[in-house]
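Just so we're on the same page, this note's numbering is the position in the sequence shown counted from 1, plus 246.
Just below is one structure, and these are the notes that go with it.
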Amino acid sequence: MSNLKSVQRPVSDLAIDAKISIPGSPDWVGISENAVWISNQSANSIARIDARTNQLIATIPAGRQPCSGLAAGFDSVWVPSCGDRSLDRIDVATNQVVARVPLTIASSEGGIAVGGDGIWLLSDQRGTLLHVDPERNEVVGKVETAPDSFVPAFSAGSIWVTSTSQNLVSRVDPRTYQVLNRTRVGPSPRFIACDERAIWTLNQGDGTVTRINADNGNVVATVDVGTPGPGGDIAVGGGFVWTTAINVPLTKIDPTTNEVVLQFIGRGGDALRVGHGSVWLCSFFLQEVWRAPLPIV
């Protein structure tokens with residue numbers, strides 16, 4: 247923690263271009279070509295923010311209790327619904343729900359990935375990974391990963407899935423539905439982010455981030471971000487890795503050194519994504535979305 251203190255700054259030092267109010271319980275963040283999307287569990291809706299104007303331009307009714315992430319792809323935004331046990335598809339051209347795929351969701355604190363030829367999410371405590379075909383709007387395949395797997399990500403032609411109770415990341419071939427290998431990471435990994443070279447897990451058990459080599463599945467670094475406990479999020483963008491946690495809104499990791507180079511502390515944080523030249527931070531308890539332009543120094 248002593249090394250972290252040397253790079254910590256108050257959140258009031260974070261340059262914020264816009265603060266967008268979203269009453270209710272705004273949470274998950276999704277990025278599409280011209281927009282930022284925020285799920286709102288208590289309002290059973292999805293908010294659409296215009297990335298050019300920072301204005302809230304649509305509030306879209308969705309299934310009950312949208313949960314377990316938010317993802318954009320195939321000209322759509324994909325929204326898991328814990329209340330209706332389904333996956334809603336929102337057409338980005340019309341802001342309308344155009345399909346509902348019946349399925350179960352492993353955890354409200356989970357995730358969803360878009361990659362290859364489909365959408366991927368976990369459906370139960372056994373670690374069953376579902377493949378949803380966007381052409382047919384139905385589940386077309388299943389993979390058994392590891393128990394208590396909740397969050398997938400797509401990178402380097404594979405699906406990477408964290409298992410929180412087993413302290414593992416499973417690598418899945420999306421064509422053969424085979425688990426190619428498993429990597430042991432830090433305690434209680436949940437949220438995960440990827441680029442083409444590395445896989446990064448946010449480990450809730452000890453507040454570290456594990457870096458996995460995407461070529462061979464080996465652990466190459468463990469980074470202490472000092473945020474153990476539930477919640478939080480992780481994303482890659484702008485040449486850096488970013489994490490968030492309640493009241494530690496933003497931590498910046500340099501992937502060239504695998505070290506924390508900047509950390510903002512203070513009220514805020516809990517979900518984030520990177521896109522449109524900015525880091526987007528969502529705090530359900532502040533009922534706000536913040537836009538922090540890159541570079542953040």
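A virtual CB, placed ideally from N, CA and C, is assigned to each residue, including glycine.
Which residue wins for smallest C-alpha separation from residue i, given the options the options?
| i | options | result |
| --- | --- | --- |
| Phe530 | Gly523, Asn493, Ser369 | Asn493 |
| Phe400 | Ala481, Ile262, Gly270, Leu527 | Ala481 |
| Trp366 | Ser354, Pro380, Arg372, Ala491 | Pro380 |
| Glu355 | Gly514, Gln311, Arg382 | Gln311 |
| Ser369 | Cys328, Gly403, Arg346 | Cys328 |
| Arg428 | Ala460, Asn449, Glu442 | Ala460 |
| Asn300 | Pro326, Trp283, Asp479, Thr502 | Trp283 |
| Asn290 | Ser258, Pro398, Pro272, Thr410 | Pro272 |
| Trp206 | Ser258, Ile292, Trp446, Leu302 | Since the first and last residues shown for the chain are 247 and 543, residue 206 lies out of range. |
Name the one or two DSSP bridge partners that residue i has.
| i | result |
| --- | --- |
| Ala481 | Trp488 |
| Trp546 | One cannot answer for residue 546 here, as it falls past the ends of the chain, which runs 247 to 543. |
| Ile292 | Ser285, Ile306 |
Cα separation between residue i and residue j?
| i | j | result |
| --- | --- | --- |
| Asp337 | Val344 | 6 angstroms |
| Asp330 | Ser314 | 13 angstroms |
| Met247 | Arg294 | With a pLDDT of 46 at Met247, under the threshold of 50, the modelled position of that residue is not reliable, and no figure is offered here. |
| Val543 | Val535 | 20 angstroms |
| Val466 | Arg430 | 12 angstroms |
| Val386 | Arg443 | 29 angstroms |
| Gln287 | Cys528 | 13 angstroms |
From which residue to which residue does the beta strand (DSSP E) around residue i run?
| i | result |
| --- | --- |
| Thr497 | 494-500 |
| Ile262 | Per DSSP, Ile262 belongs to no beta strand (DSSP E) and is neither H nor E. |
| Gln342 | 342-348 |
Using 9 angstroms as the threshold, is the C-beta distance between residue i and residue j below it?
| i | j | result |
| --- | --- | --- |
| Ile405 | Val418 | yes |
| Gln254 | Gln509 | yes |
| Asp263 | Asn280 | no |
| Pro435 | Thr408 | yes |
| Thr468 | Thr490 | no |
| Ala318 | Val360 | yes |
| Gly515 | Gly484 | no |
| Ser278 | Val323 | yes |
| Val347 | Glu390 | no |
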